[in-house]
Amino acid sequence: AIILLLILYYNTSKKLNRIVKGHIYTSHEQEKDVETSINVKRVEIGEGTTMMTVEERKELMFFNDETNFQMGELLRASAEALGHGIMGNSYKAMLNNGHNIVVKRLRDLKPFTKEEFAKIVKIIADLKHPNLLPLLAYYHSRDEKLMLYRYAQNGNLFSRLHGNLHQLGLFLF
1 AIILLLILYY NTSKKLNRIV KGHIYTSHEQ EKDVETSINV KRVEIGEGTT
51 MMTVEERKEL MFFNDETNFQ MGELLRASAE ALGHGIMGNS YKAMLNNGHN
101 IVVKRLRDLK PFTKEEFAKI VKIIADLKHP NLLPLLAYYH SRDEKLMLYR
151 YAQNGNLFSR LHGNLHQLGL FLF
């Protein structure tokens with residue numbers, strides 16, 4: 001019975017790996033379609049040479065025009081750790097212009113192509129809810145993936161969902 005379960009597990013994991021490794025986009029034309037469909041603006045910070053591909057350049061992809069800063073400014077910003085979760089760590093970055101943003105540094109992800117990551121981020125950016133912060137931008141490279149959000153002042157998710165119980169004299173035990 002155990003051997004049968006191991007064989008079943010092995011076959012299922014092979015099928016899942018094939019599905020996950022499947023390419024979503026294969027041509028350069030489809031890459032352009034992804035970029036126009038998510039309405040992003042490129043901000044180049046790396047020196048581009050003729051040998052450097054789009055995949056290797058360092059750039060932030062913005063979802064709107066109201067926020068505009070460069071990756072270099074983000075790297076120079078002072079950062080404060082906010083927390084960590086299953087997908088990665090979150091930091092509060094204080095930019096030189098006085099704006100605060102949340103940088104979610106994703107870790108332990110499979111090596112997504114730029115198109116696959118753009119499609120996933122587009123789905124996340126389209127989510128609208130009062131308890132979700134809007135996605136400002138994202139960064140994708142072979143070694144690192146970042147998602148940038150607006151910073152919510154005064155509180156955390158628990159206090160926004162349940163109110164400030166300490167002001168009401170209620171204590172959680």
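Numbering (UniProt numbering), first residue to last: 1 to 173.
Every residue, glycine too, gets a C-beta built ideally from N, C-alpha and C.
Only exposed fits Leu6, as fewer than 16 other CB atoms lie within 10 angstroms of its CB. In this chain, the beta strand (DSSP E) harbouring Met94 covers 88-94. If the five residues before and after Ile101 are omitted, its C-beta is found closer than 6 Å to the C-beta atoms of Ala93, Leu148, Tyr151, all from its own chain and listed in chain order. Around the Cβ of Tyr9, a 10 Å sphere holds fewer than 16 other Cβ atoms; the residue is exposed. By the C-beta density criterion, Lys145 is buried, having at least 16 other C-beta atoms within 10 angstroms.
Glu144: not part of any alpha helix (DSSP H); DSSP gives it neither H nor E. Tyr91 sits close to Ala79, with the two beta carbons spaced by under 7 Å.
Only residues of its own chain outside the window of five on either side were considered, and among them Arg142 have a CB closer than 8 Å to the CB of Pro111, listed in chain order.
Cα atoms of Phe63 and Tyr138: separation of roughly 9 Å, rounded to the nearest angstrom.
By the beta-carbon neighbour count (other beta carbons within 10 angstroms, threshold 16), Ala81 is exposed. The alpha-carbon of Glu73 is positioned some 22 Å away from that of Leu133. Boundaries cannot be given for Lys128, as no alpha helix (DSSP H) includes it and DSSP labels it neither H nor E.
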